[in-house]
Amino acid sequence: MAVLEILHYPDPRLRAIAKPVTQFGPELAQFIDDLLQTMYQSVGIGLAATQVNVAQRVVVLDVSRGGSSPRCFVNPEILELRGLATGEEGCLSVPETFELVERAEWIRVRAVNAQGEPFELECEGILAVCLQHEIDHLDGKLFVDRLSLLKRSRIRRKFDKAQRLGA
Ligand code: GNR
Ligand code: NI
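Going by numbering that gives the first Met the number 0, the residue at position 20 of the sequence shown is 19; the numbering climbs one at a time, nothing skipped.
Below, the structure is given as structure tokens:
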């Protein structure tokens with residue numbers, strides 16, 4: 000098990016488009032464990048491989064209260080979206096920044112598990128929000144991309160400044 004380093008906005012590696020996983024085996028299982036450990040250590044409810052500089056379509060999340068329901072989605076695809084809902088989002092790659100984001104209220108997702116076996120999930124609420132946020136990461140998108148230009152420029156300036164100061 001290993002805690003991996005999480006990339007921070009505006010790192011260009013967060014813009015990589017992740018490739019579908021084609022190899023299912025012990026190496027993938029180990030990587031999923033590392034992603035989960037990194038997510039729990041950072042007290043996040045989700046983590047995408049892109050955030051640890053691995054351009055593969057792997058997502059983990061745990062939206063349970065006690066942090067006792069780890070889930071993994073390999074090669075996730077949104078098959079259907081319904082409704083709209085606005086909720087406050089944050090991101091481990093955009094620290095200390097929380098903004099309202101509009102997303103689909105309900106989604107139907109297809110993915111495969113660590114063994115490559117397909118499954119489907121219909122969800123709403125925080126699980127739907129988190130899954131949409133994580134699948135965005137796999138496509139090189141961040142929640143700040145969904146904000147107004149004004150908000151995005153403010154956030155960008157804050158992180159450019161932090162980088163200049165070596166934070
Ligand atoms: O920990 C996280 N919390 C969160 C809250 C609202 C909407 C999305 C998220 S995901 C985030 C962890 C993260 O950055 N995943 O990519
Ligand atoms: Ni994120």
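All C-beta atoms in this analysis are idealised placements derived from N, C-alpha and C, irrespective of residue type, glycine included. Owing to the predicted nature of the structure, the values given are computational and were not obtained by experimental measurement.
Mind checking whether the beta-carbon of N44 lies closer than 6 Å to any heavy atom of the ligand GNR? In the sequence shown, residue 44 corresponds to position 45, counting from 1. Sequence inspection shows Ile at residue 44; the Asn mentioned does not correspond to that position. Yes, Cβ of I44 sits closer than 6 Å to a heavy atom of the ligand GNR.
Alpha carbon to alpha carbon, how far is E164 from E98? Counted from its first residue, the sequence shown places residue 164 at position 165. Counted from its first residue, the sequence shown places residue 98 at position 99. Looking at the sequence shown, residue 164 is not Glu but Leu. Approximately 24 Å between the Cα atoms of the pair.
Nearest to C122 by alpha carbon, out of L146, T96, C90 and R81? The residue you call residue 122 lines up with position 123 of the sequence shown. Nearest option by C-alpha distance: R81.
Using only CA atoms, which one of T49, T96, V59 and K18 lies nearest to D32? On the sequence shown, position 33 is the one that residue 32 refers to. If we check each option's Cα against that of D32, V59 comes out closest.
Kindly indicate which residue of R107, E95 and L146 has the alpha-carbon position closest to the one of L130. Counting from one through the sequence shown, the residue named residue 130 turns up at place 131. Looking at the Cα atoms, R107 is the closest of the given residues.
Buried or exposed for A110, going by 16 or more other Cβ atoms inside 10 Å? Start at 1 with the first residue of the sequence shown, and residue 110 comes out as number 111. Buried, because 16 or more other Cβ atoms sit within 10 Å of the Cβ of A110.
Three or more C-beta pairs closer than 8 Å, one from the region 16 to 31 and one from the region 69 to 78: is that the case here? yes
Spatial neighbours of I96 in its chain, beta-carbon cut-off 8 Å, leaving aside the 5 residues before and after: Here residue 96 refers to the residue found at position 97 of the sequence shown. Reading the sequence as shown, one finds Thr at residue 96 and not Ile. Cβ within range, chain order: G89, C90, V143, I154 and K157.
Can you list, in chain order, the residues of its chain with a C-beta nearer than 6 Å to that of G86? Leave out the 5 residues immediately preceding and following it. Taking the sequence shown and counting its residues from 1, the one referred to as residue 86 is at position 87. Correct list, in chain order: V128.
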